[in-house]
Ligand SMILES: Cc1ncc(COP(=O)(O)O)c(C=O)c1O
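Numbering (the working numbering), first residue to last: 6 to 384.
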């Protein structure tokens with residue numbers, strides 16, 4: 006028997022997904038589990054989205070679409086840039102993707118070659134590092150060292166050390182929740198342009214910030230690649246549908262790669278997603294509920310809440326600002342419930358144990374701690 010294993014397959018696991026799987030295994034055995042592994046809304050997709058999907062299913066055939074997505078959805082996404090940001094973006098520059106996760110894959114493949122050096126902030130969304138590692142990209146992790154977000158100076162210093170081909174950042178960021186203010190975002194993008202560094206801006210948490218307005222990196226240059234998704238604000242995680250706004254020069258390379266990697270994003274989700282932009286009233290009501298959860302979480306932090314005795318360490322807030330549905334908390338190692346600690350998948354690393362992220366899209370009533378429950382957590 007010959008089994009060939011590539012080095013790519015040895016990529017670090019996405020620990021949150023491992024823990025989600027463990028939580029699901031425990032649930033399947035009938036154990037009561039509060040799964041906090043992945044950040045996702047507990048609300049369903051808006052009614053209009055579900056209705057459009059139902060009608061499409063009843064009508065029958067769901068097929069392939071253009072690799073870059075349905076014309077109607079690309080148009081709706083382009084219109085969203087006009088309505089929400091006051092920007093004129095041509096539908097031609099929109100690529101619809103299978104969640105933003107596929108967009109990262111496509112962007113990295115179209116923009117970088119193996120060995121190219123690309124910067125990301127640490128802490129950051131772990132999948133960036135894992136996808137880049139699997140693609141052979143040389144990852145420059147920029148430690149924020151107490152700064153709330155990536156600044157132009159961080160980029161200059163990393164580029165001086167060894168030239169960068171690209172930089173990827175998220176604002177609002179996961180796991181810190183930090184929002185890059187418009188002035189600093191402009192400085193970051195302009196510095197990247199001056200240094201010849203291509204910018205990818207992950208804007209998946211736009212429309213969910215409380216303390217700052219949304220500013221898209223696109224406002225500072227048409228050469229920026231923006232990645233976004235219907236997963237978070239639009240409550241459509243399981244529909245696996247996202248998008249990119251591409252510089253004109255990248256449209257055809259992305260299309261060529263997407264044709265063979267994915268053929269097309271799922272048509273049913275695309276038809277439904279067109280309706281998502283019409284559901285603002287419904288989605289703002291969901292966001293208002295998160296605001297209540299956020300207030301509760303901040304109040305708990307401010308009153309130095311101690312978790313139940315099994316959680317042996319107190320949470321202490323990190324240096325970042327709680328501007329979005331995610332608030333980062335530093336967690337001393339060893340704070341998992343002892344039973345869970347023993348059960349933890351072997352792959353969980355020190356890095357994973359050192360930082361926990363609290364997301365608050367679930368109604369507070371259902372997140373009440375109970376000693377009887379096993380709690381899964383990941384950061
Ligand atoms: C910052 C960030 N980017 C991208 C994603 C991936 O989202 P999706 O593939 O569902 O669009 C996530 C998921 O949690 C995230 O937190």
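Glycine is no exception: its CB is placed at the ideal position from the N, C-alpha and C atoms.
- Proximity to residue 222 across 147, 145, 195, 287 peaks at 195, based on C-alpha coordinates.
- Close CB contacts of residue 287 within its chain, under the 6 Å cut and outside five residues either way in sequence, are with 51 (chain order).
- In the DSSP assignment, residue 173 falls within the unbroken beta strand (DSSP E) covering 171 to 175.
- At a cut-off of 8 Å, the beta-carbon of residue 43 counts as near ligand 1: some heavy atom of the ligand is closer than that.
- Every unbroken stretch of the beta strand (DSSP E) spanning 3 or more residues and falling wholly within the region 94 to 182 is given here in chain order: 99 to 102, 122 to 127, 143 to 148, 171 to 175.
- Where residue 65 is concerned, there is no enclosing beta strand (DSSP E), because DSSP gives it neither an H nor an E.
- With the rule of 3 Cβ pairs closer than 8 Å, the region 92 to 104 does not count as touching the region 289 to 298.
- Using a C-beta cut-off of 8 Å, the region 54 to 67 makes no contact with the region 250 to 263, since fewer than three inter-stretch Cβ pairs fall below that distance.
- Per DSSP, the unbroken beta strand (DSSP E) holding residue 207 starts and ends at 203 to 207.
- Between residue 250 and residue 99, the gap from beta carbon to beta carbon is short of 9 Å.
- Taking residue 19 as the centre and dropping the five residues before and after it, the same chain places the C-beta of 131, 132, 135 closer than 7 Å to its C-beta, in chain order.
- Closest option to residue 300, judged by alpha-carbon separation, among 244, 215, 242: 215.
- Apart from the 5 residues on each side of it in sequence, residue 211 sits with its Cβ closer than 6 Å to the Cβ of 219 in its chain, given in chain order.
- Under the DSSP definition of a beta bridge, residue 256 lacks any partner.
- Measuring C-alpha to C-alpha distances from residue 226 to each of 202, 40, 263, 75 identifies 202 as the nearest.
- The DSSP assignment places complete alpha helix (DSSP H) segments of no fewer than 4 residues inside the region 238 to 293 at 253 to 266, 272 to 278, in order along the chain.
- The beta carbon of residue 176 is closer than 6 Å to those of 184, 185 in its chain, skipping five residues each way along the sequence.
- Taken through DSSP and simplified to helix, strand or coil, residue 22 comes out as helix.
- Those residues that have a beta carbon less than 6 Å away from any non-hydrogen atom of ligand 1 are, in order along the chain, 44, 104, 105, 106, 130, 175, 179, 207, 209, 234, 236, 242, 247.
- Contact annotation, residue 114 with residue 262: C-beta distance approximately 5 Å; criterion of less than 8 Å satisfied.
- For residue 194, the enclosing alpha helix (DSSP H) begins and ends at 187 to 200.
- Burial check for residue 275: the Cβ neighbour count within 10 Å reaches 16 or more, so the residue is buried.
- Under the three-pair Cβ rule at 8 Å, the region 231 to 251 counts as touching the region 265 to 283.
- Residue 47 carries a coil assignment under DSSP once its states are collapsed to helix, strand and coil.
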